Amino acid sequence: VSLTAIADAQSGSAHPATAAAPGEHDFMELVRKVEEKTRANPDDGEAWAMLAKTYGAMERWPEALPAFEQATRLLPRDASVLSGYAEALAITSGRVLSGRSMDLVRQALELDPDDMKGLELAGIHAYQEQDFARAAIHFKRLHRLLPPESPYAQEILAAQEETERLAQTGVAGLDTLA
109 VSLTAIADAQ SGSAHPATAA APGEHDFMEL VRKVEEKTRA NPDDGEAWAM
159 LAKTYGAMER WPEALPAFEQ ATRLLPRDAS VLSGYAEALA ITSGRVLSGR
209 SMDLVRQALE LDPDDMKGLE LAGIHAYQEQ DFARAAIHFK RLHRLLPPES
259 PYAQEILAAQ EETERLAQTG VAGLDTLA
């Protein structure tokens, strides 16, 4: 298990949807309805948040980014919107977690210390900064929030164990998780 795989899994790229997926037509119809709702009522923060998260789930990051910007403007204290915006910023910036994206992650975790996306991004960022002890703390907290038998929980547990090992040994070991 790698942190790259975790980053890919959380962004949805590890399991891309196929064009012939059952119910896709219904899903696309729902997306169109939410798009219409945001056009009809541009001050509906919940609609913008739903649209932004949906675009993110579909990996339509160039469209997700402005939707997250609008949702954040309308819902500045919604941790899941802030961490989603952080993810969109990072992905559209070459998957770099720094600057504005990390400011958003910090804000999200201040509002909700159990924001799963925020914990994941904070853990990945700490790992990238070789702050393995802090990465392990974020991954441990995130793991406690997940259904224990889920594949994602197992990936997070493996990342937690690896970062704990790296923190104890002081080994940089960046190639072991990449």
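Each number in this note's numbering comes from the position in the sequence shown (counting from 1) with 108 added on. We put the CB at the ideal spot given by N, CA and C, even for glycine. Values in this document were obtained by computation on a predicted structure and should not be read as measured data.
Using a Cβ-Cβ distance cut-off of 8 Å, the stretch 216 to 223 and the stretch 196 to 205 are not in contact, since fewer than three pairs of beta carbons, one from each stretch, lie closer than that value. If you draw a 10 Å sphere on the C-beta of Glu-263, you find 16 or more other C-beta atoms in it, and that means buried. The DSSP assignment places no complete beta strand (DSSP E) segment of no fewer than 3 residues inside the stretch 200 to 263. Each of Ala-175, Asp-223, Lys-145, Pro-256 was checked against the Cα of Ser-191, and the nearest Cα belongs to Asp-223. Only residues of its own chain outside the window of five on either side were considered, and among them Leu-219 have a CB closer than 7 Å to the CB of Arg-185, listed in chain order. In this structure Val-204 is not in contact with Ala-230, their Cβ atoms being roughly 15 Å apart against a cut-off of 8 Å. Distance from the Cα of Glu-270 is smallest, within the candidate group Tyr-235, Lys-225, Glu-137, for Tyr-235. Per DSSP, reduced to three states, the secondary structure at Asp-151 is coil, with no helix or strand assignment. For Arg-181, the enclosing alpha helix (DSSP H) covers residues 169 to 182. Between Ala-155 and Thr-146, the C-beta gap is smaller than 8 Å, which places the two residues in contact. Distance check between Ala-187 and each of Lys-161, Ala-165, Tyr-260 places Lys-161 closest, using alpha-carbon atoms only. In this model, Met-210 and Glu-144 are separated by some 31 Å (Cα to Cα). Contact between Leu-227 and Arg-249 holds, since their C-beta atoms are separated by about 6 Å, short of 8 Å.
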